[in-house]
Amino acid sequence: METDQMGKQCQNCGLEAEEKAKYCPNCGQKFTSVRVGVVEMLRIFFYSLISADSTIWKSIRDFWKPGVLTRAFFSGKRKSYLHPVRLFLFSWVLFFAIFTLSGGVDLEEETNLIESKKQELQDRHHIEDLLKKRDSLKQNNESDTASIDRFILQYVETEKPTWEASSLDSLRLNVLERRDSIALGTFGGSSVKIAWDDIIQMEEEELKELYGLNEHGFLTRLLQNQLLKVVTKTYSMAEYVLMGVSWMVFLLIPTMALVLFLLYNHRSFYYIEHIVFSMHCHIFLFLSFSAIWLLDRMVNFYPGLSDEQWLSFDWLYVIAGVCSLLYLILGLRYFYKSNTLGVVIKGFVVLMAYLFLASLSLGLVLLLRFVLF
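Under this note's numbering, the sequence shown has 745 at position 215, and the numbering climbs by one with no breaks.
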């Protein structure tokens, strides 16, 4: 409802306007009552949602056309579409949020090394106790030894299936072999072997003192301390690395743009244009895989569908990867106006360079996260 007060003042920017004005001449906001009702709130929402000038819908409509948004942005149509950085950040957050929350990496089952070693230690102690009791009973009554041996082997085979128990001798050998250790490397010297039993049963500072880990140089101490943290805190380290990998993209964008800059240095493109083009290629990749992950999660809510053998999403991921490559190739064709042969050659160079830079960026990120862990 329009205000009737004299000397209208825009509630958004504070500009004084004429009494008969319906919209602020400065920011364009409509003069309405400060208190907005439910009907007015819904009207504003649906108007902004379905408006012909909505940048969201225009961006969604034209984004799937390779190179269109990049060319539109640098041809001056910057109010018609979402800003490339804004769209990139949205797709980046969505991609890694879905990847983490949807079980892309099962940290509990696949990375908790210390817990598996604790269970192995408990099993070994239990089996050692059985063997000791068996040996003591054998000294007192050898006639029951065969039945005791069969009981032990049957028990281990049933309750401890990960242990080799074809015979009592193989079981004893397995117990000895599982008293293993881990070697922590050094710079310019021999490695330090630490028993898993000590790693499980002792605190970190006690391990350092017992094995003399604080007696080496700075680099060796750093290496050994970080390796020890990785071993004792495998779950948190894996999660830490996973979070670090998500930032790898911010290294890939400028480096991929640099490759494009070198390939098209004979053309009048600015470096920032290559960055925006790289952003749009990554946005397509992120949104495509995010859509497949969401569809996969939705199907899993229906047991009847999730049990179907034919309903596999693996082929969709392959198609998304191929489409991302085609998006890059067609983007080179449309945005850079290259001929067919030039697109094929430069597309291959960009792909090979991207794979190399992705591996290099991943290595740098993992190294940095390892040092800072």
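No residue lacks a Cβ here, since even glycine has one placed at the ideal position from N, Cα and C. Quick caveat, the model's predicted, so the values are computed rather than measured.
query	result
Quick one: what's got a C-beta closer than 6 Å to Thr785's C-beta in the same chain, skipping five residues either side?	Leu887
Assign Ser589 to buried or exposed, taking buried as 16 or more other Cβ atoms, counted over all protein chains shown, within 10 Å of its Cβ.	buried
How close, in whole Å, do the beta carbons of Tyr847 and Ile813 come, if the pair is a contact with beta carbons under 8 Å?	Contact doesn't hold; Cβ gap of about 17 Å is too wide.
Using the three-state DSSP reduction, which class does Gln754 fall into: helix, strand or coil?	helix
My assumption, with CB atoms under 8 Å, is that Arg601 sits in contact with Phe819. Please give the rounded CB distance.	Arg601 to Phe819, Cβ: 25 Å. No contact.
When DSSP labels each residue in this structure, what does Ala547 get in the three-state scheme?	strand
Quick check on this structure: which residue in Asp844, Lys867, Val873 and Phe843 has the alpha carbon closest to the alpha carbon of Leu856?	Val873
DSSP three-state call for Lys538: helix, strand or coil?	strand
What's the gap between the Cα of Arg616 and the Cα of Gln731?	50 Å
Would you kindly check if the distance between the Cβ of Gly877 and the Cβ of Leu862 is under 7 Å?	yes
Across which residues does DSSP place Ile802 in a beta bridge pair?	DSSP output for Ile802 lists no bridge partner at all.
When you compare the CB positions of Ala547 and Lys538, do they come within less than 7 Å of one another, or not?	yes
What do you reckon, are the CB atoms on Asp816 and Phe625 nearer than 7 Å?	Note that residue 816 is Phe in the sequence shown here, rather than Asp. Cβ atoms of Phe816 and Phe625: closer than 7 Å.
Can you tell me the Cβ-Cβ gap for Leu757 and Glu734, rounded? I've got them flagged as a contact below 8 Å.	At roughly 12 Å, the Cβ-Cβ gap does not stay under 8 Å, so Leu757 and Glu734 are not in contact.
Using the three-state DSSP reduction, which class does Lys588 fall into: helix, strand or coil?	helix
Consult DSSP for Glu553 and reduce its assignment to one of helix, strand or coil.	It should be noted that the sequence gives Tyr, not Glu, for residue 553. Note: Tyr553 maps to strand in three-state DSSP.
Between the beta-carbon of Ser891 and the beta-carbon of Leu782, is there less than 7 Å?	yes
Per DSSP, what kind of secondary structure is Lys876 in: helix, strand or coil?	helix
What residue range is occupied by the uninterrupted beta strand (DSSP E) comprising Lys723?	Val722 to Ala725
Got a sec? Which residues, its chain only, sit under 7 Å from Leu824 by beta carbon, not counting five neighbours each side?	Ile628
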